[in-house]
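Residue numbers (the numbering used here): 10 to 105.
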């Protein structure tokens, strides 16, 4: 009879065991990638809205979905920016 593991693994995943510099680079890449995606979503929403207003190939529900996706992405980006700004201000208030 073979005993199988039921619980989580006790080994650390490779992504958690990395140096600080690599994590910093990954964070910047992730943030930059997200910013680019939000920008692309906003541009797509503008384009789809303009084409819908001109009477082209889009249905109203498609326009609303694209517009809401862009709006949600933008609000998330703003919240991330606000949290980063708050963290920076908190660090600047610290006395060493």
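Glycine included, every Cβ here is placed at the ideal spot set by N, Cα and C.
Membership of residue 98 in the alpha helix (DSSP H) is indicated by the continuous run 69 to 102. Residue 54 is positioned such that its CB atom lies closer than 8 Å to that of residue 79.
Here the alpha carbon of residue 87 sits roughly 10 Å from the alpha carbon of residue 44. By the criterion of a C-beta distance shorter than 8 Å, residue 81 is surrounded by no residue of its chain, once the five residues flanking it on both sides are discounted.
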